[in-house]
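There are 2 protein chains.
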Amino acid sequence: MSKLFVIGIGPGNPEGMTIACRAALEQSDVLVGYTVYIDLIRPLHPKKAVFATPMMGEVARCKNALMLAAQGKTVGVVCSGDAGVYGMASLIFELAQEYPPLDIEIVPGVTAALGGAALLGAPLSCDFAVVSLSDLLTPWAAIEKRLVCASMADFCMALYNPASKKRADYLEKACGIVLRHKAPDTICGFARNIGRAEECTETLSLAELKNAKVDMFTTVFIGNSQTKLIQGRMITPRGYRLD
Amino acid sequence: MSKLFVIGIGPGNPEGMTIACRAALEQSDVLVGYTVYIDLIRPLHPKKAVFATPMMGEVARCKNALMLAAQGKTVGVVCSGDAGVYGMASLIFELAQEYPPLDIEIVPGVTAALGGAALLGAPLSCDFAVVSLSDLLTPWAAIEKRLVCASMADFCMALYNPASKKRADYLEKACGIVLRHKAPDTICGFARNIGRAEECTETLSLAELKNAKVDMFTTVFIGNSQTKLIQGRMITPRGYRLD
Numbered sequence: 088m089s090k091l092f093v094i095g096i097g098p099g100n101p102e103g104m105t106i107a108c109r110a111a112l113e114q115s116d117v118l119v120g121y122t123v124y125i126d127l128i129r130p131l132h133p134k135k136a137v138f139a140t141p142m143m144g145e146v147a148r149c150k151n152a153l154m155l156a157a158q159g160k161t162v163g164v165v166c167s168g169d170a171g172v173y174g175m176a177s178l179i180f181e182l183a184q185e186y187p188p189l190d191i192e193i194v195p196g197v198t199a200a201l202g203g204a205a206l207l208g209a210p211l212s213c214d215f216a217v218v219s220l221s222d223l224l225t226p227w228a229a230i231e232k233r234l235v236c237a238s239m240a241d242f243c244m245a246l247y248n249p250a251s252k253k254r255a256d257y258l259e260k261a262c263g264i265v266l267r268h269k270a271p272d273t274i275c276g277f278a279r280n281i282g283r284a285e286e287c288t289e290t291l292s293l294a295e296l297k298n299a300k301v302d303m304f305t306t307v308f309i310g311n312s313q314t315k316l317i318q319g320r321m322i323t324p325r326g327y328r329l330d
Numbered sequence: 088m089s090k091l092f093v094i095g096i097g098p099g100n101p102e103g104m105t106i107a108c109r110a111a112l113e114q115s116d117v118l119v120g121y122t123v124y125i126d127l128i129r130p131l132h133p134k135k136a137v138f139a140t141p142m143m144g145e146v147a148r149c150k151n152a153l154m155l156a157a158q159g160k161t162v163g164v165v166c167s168g169d170a171g172v173y174g175m176a177s178l179i180f181e182l183a184q185e186y187p188p189l190d191i192e193i194v195p196g197v198t199a200a201l202g203g204a205a206l207l208g209a210p211l212s213c214d215f216a217v218v219s220l221s222d223l224l225t226p227w228a229a230i231e232k233r234l235v236c237a238s239m240a241d242f243c244m245a246l247y248n249p250a251s252k253k254r255a256d257y258l259e260k261a262c263g264i265v266l267r268h269k270a271p272d273t274i275c276g277f278a279r280n281i282g283r284a285e286e287c288t289e290t291l292s293l294a295e296l297k298n299a300k301v302d303m304f305t306t307v308f309i310g311n312s313q314t315k316l317i318q319g320r321m322i323t324p325r326g327y328r329l330d
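For the protein sequence lines, the chains are Y and R, in the order given.
For the first sequence, our numbering begins at 88 and goes up steadily by one.
For the second sequence, our numbering begins at 88 and goes up steadily by one.
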């Protein structure tokens with residue numbers, strides 16, 4: 088039976104990959120993915136066959152991966168971060184029903200919520216919610232409800248896809264919603280280009296975050312009511328008595 | 088300046104570690120952690136100095152790590168899964184204020200929500216919430232509110248620490264709360280001993296989960312309203328049109 092890996096490569100730098108990720112990349116005859124992610128791993132596998140497609144072509148890309156596997160190739164579908172979290176794993180399983188039986192293995196990876204948190208300090212040490220602000224596949228009303236409910240329950244939050252060219256004001260909208268339930272001085276932060284050359288972080292208040300300029304390579308963190316700044320780091324205490 | 092790593096080792100098997108994790112373990116003069124996690128990595132570093140303490144000694148353990156670093160040692164504080172998510176990163180930052188300046192680096196890892204999801208299929212492909220059912224550091228009322236709000240907003244959920252000897256009925260209580268807002272046939276699953284010899288998974292309905300027997304080495308997954316079983320796997324579709 089042919090093998091198809093869905094591989095989470097982590098933030099993008101080789102150090103952020105797991106050993107299992109490196110092995111699955113190695114074992115694959117052909118690597119399939121979004122052009123930007125394929126470019127991140129191509130230096131590790133300069134001679135490997137690749138099938139890179141631009142954004143928005145996810146269904147066609149996954150169908151192609153399944154077709155290559157049906158032809159007997161060992162295929163690696165490459166995702167940034169984790170293979171499941173806003174990755175291709177679910178789509179592969181959905182589409183695989185139309186293809187001959189296949190051995191599908193999901194290789195988990197360090198998603199941006201974890202990679203960004205490590206750079207900022209420890210913002211997600213307590214219960215947290217992960218929300219994508221992209222309304223391409225999820226209606227905005229559902230996103231808004233999740234922001235409201237996560238805020239009401241004092242979850243820490245990681246926001247993916249906080250902006251794009253077409254959605255320049257989505258983070259501002261999201262912060263406006265969160266500000267109805269969380270204090271304006273709630274500690275927030277963001278991490279940009281995690282694991283890449285231009286990697287940077289910033290900490291700021293929720294009120295300031297509302298007007299921050301972010302892009303699609305940014306992951307945003309909103310603290311809970313206990314989150315604080317310690318020597319410039321964004322820290323959510325777990326609640327231990329320190330004495 | 089001394090260096091202190093807080094290292095997420097992933098599920099526990101060497102393949103689940105990142106390259107950065109392996110490098111940080113290698114670079115550390117002494118490894119500090121909960122006995123069970125230290126035992127997982129000791130075979131990789133049989134000659135390395137270790138300081139292993141049982142559960143509940145987290146503050147003393149972190150103080151010890153900081154003291155060793157203050158003495159000039161390169162210290163690796165070992166956490167299972169991620170370094171931040173219910174890990175030691177926040178506690179280290181809180182306590183470090185009382186010690187000489189230190190170069191603290193957080194090495195993120197594959198937390199159980201991602202590792203378990205990969206085994207089950209793709210349960211966390213949409214917005215999700217991570218909640219620990221342990222009320223050692225968080226009042227049960229806060230946990231209950233988070234379960235209610237996450238359910239109301241149709242988040243997928245990963246539940247950590249679903250049970251212990253003293254909290255044998257906590258998963259049953261949690262499912263009772265979730266059942267007020269999610270359908271009894273909501274697809275759920277759990278993963279046990281992720282990355283270890285006795286690794287296993289099970290899928291079941293939310294109604295069945297309420298009576299499931301789980302232990303402290305289990306991570307529980309509750310789907311959203313769209314989650315389905317595809318060939319035995321727990322899959323949350325992202326919403327792509329498949330044609």
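We treat Cβ as the ideally placed atom computed from N, Cα and C, and that holds for glycine.
Could you tell me the distance, in whole angstroms, from the CA atom of residue i to the CA atom of residue j?
i	j	result
Ile264 of chain Y	Thr140 of chain R	44 Å
Val197 of chain Y	Pro101 of chain R	15 Å
Leu189 of chain R	Ile94 of chain R	16 Å
Ser238 of chain Y	Ile96 of chain Y	30 Å
Ser115 of chain Y	Ala229 of chain R	46 Å
Gly173 of chain Y	Thr161 of chain R	The sequence given here places Tyr at residue 173 of chain Y; Gly does not occur at that position. About 36 Å.
Glu145 of chain R	Met175 of chain R	8 Å
Asn248 of chain Y	Thr314 of chain Y	23 Å
Leu182 of chain R	Glu295 of chain Y	28 Å
Ala284 of chain Y	Cys213 of chain R	29 Å
Ser312 of chain Y	Asn280 of chain R	33 Å
Gly187 of chain R	Pro226 of chain R	Note that residue 187 of chain R is Pro in the sequence shown, not Gly. Distance between the alpha carbons of Pro187 of chain R and Pro226 of chain R: 33 Å.
Ile125 of chain Y	Met143 of chain R	44 Å
Lys135 of chain Y	His268 of chain R	49 Å
Ile193 of chain R	Ile193 of chain Y	25 Å
Asp256 of chain R	Met154 of chain R	39 Å
Which one of the options has the shortest CA to CA distance from residue i?
i	options	result
Ala209 of chain R	R:Gly95, R:Phe92, R:Gln318 and R:Gly99	R:Gln318
Val123 of chain R	R:Arg328, R:Val137 and R:Lys297	R:Val137
Ser219 of chain Y	R:Leu220, R:Ala216 and R:Ser221	R:Ala216
Pro133 of chain Y	Y:Gly282, Y:Thr314 and Y:Leu118	Y:Leu118
Ile191 of chain Y	Y:Cys149, Y:Lys252 and Y:Met239	Y:Cys149
Cys166 of chain Y	Y:Glu289, Y:Tyr121 and Y:His268	Y:Tyr121
Asp330 of chain Y	R:Ala294, R:Gln184 and R:Lys160	R:Gln184
Pro130 of chain Y	Y:Glu113, Y:Arg267, Y:Asn311 and Y:Thr161	Y:Glu113
Phe304 of chain R	R:Glu286, R:Lys315 and R:Met88	R:Glu286
Lys252 of chain Y	Y:Ser221, Y:Ile281, Y:Pro226 and Y:Ser238	Y:Ser221
Leu127 of chain Y	Y:Met154, Y:Thr225 and Y:Gly282	Y:Gly282
Thr105 of chain R	R:Met154, R:Thr225, R:Asp256 and R:Pro195	R:Pro195
Ser89 of chain R	R:Gly159, R:Cys108, R:Ala107 and R:Lys135	R:Gly159
Going by the CB atoms, is the gap between residue j and residue i shorter than 8 Å?
i	j	result
Thr306 of chain Y	Ala200 of chain Y	yes
Gly310 of chain R	Glu289 of chain R	no
Ala270 of chain R	Lys232 of chain Y	no
Arg328 of chain Y	Phe180 of chain R	no
Phe308 of chain Y	Ala204 of chain Y	yes
Gly103 of chain Y	Ala245 of chain R	no
Please name the residue or residues paired with residue i in a DSSP beta bridge.
i	result
Gly120 of chain Y	Y:Ala139 and Y:Val165
Thr323 of chain Y	None, per the DSSP bridge assignment.
Val217 of chain R	Y:Phe215 and R:Ala245
Val62 of chain Y	Residue 62 of chain Y lies beyond the range of chain Y shown here (88 to 330); nothing can be said about it.
Cys275 of chain R	R:Leu291 and R:Ile309
Lys315 of chain Y	Y:Ile322
Thr225 of chain R	In DSSP, Thr225 of chain R forms no bridge with anything.
Ala209 of chain R	R:Ile322
Thr198 of chain R	According to DSSP, Thr198 of chain R bridges with nothing at all.
Assuming residue i contacts residue j under a Cβ cut-off of 8 Å, what Cβ separation, rounded to an integer in Å, is found between them?
i	j	result
Gly171 of chain Y	Ser177 of chain Y	7 Å
Ala250 of chain Y	Val301 of chain Y	5 Å
Leu207 of chain R	Ala110 of chain R	Between Ala110 of chain R and Leu207 of chain R the Cβ distance is about 30 Å, and since that is not below 8 Å, they are no contact.
Ser292 of chain Y	Thr273 of chain Y	7 Å
Cys243 of chain Y	Leu211 of chain Y	5 Å
Pro98 of chain Y	Gly202 of chain Y	4 Å
Ala299 of chain Y	Leu234 of chain Y	Wrong, their Cβ atoms sit about 16 Å apart, outside the cutoff.
Leu91 of chain R	Ala152 of chain R	6 Å
Lys297 of chain R	Leu316 of chain R	About 18 Å separates the two Cβ atoms, so there is no contact after all.
Arg325 of chain R	Leu224 of chain Y	5 Å
Show which residues of chain C have a CB atom less than 9 Å away from the CB atom of residue i.
i	result
Gly326 of chain Y	In the structure shown, chain C cannot be found, because the protein chains are Y and R.
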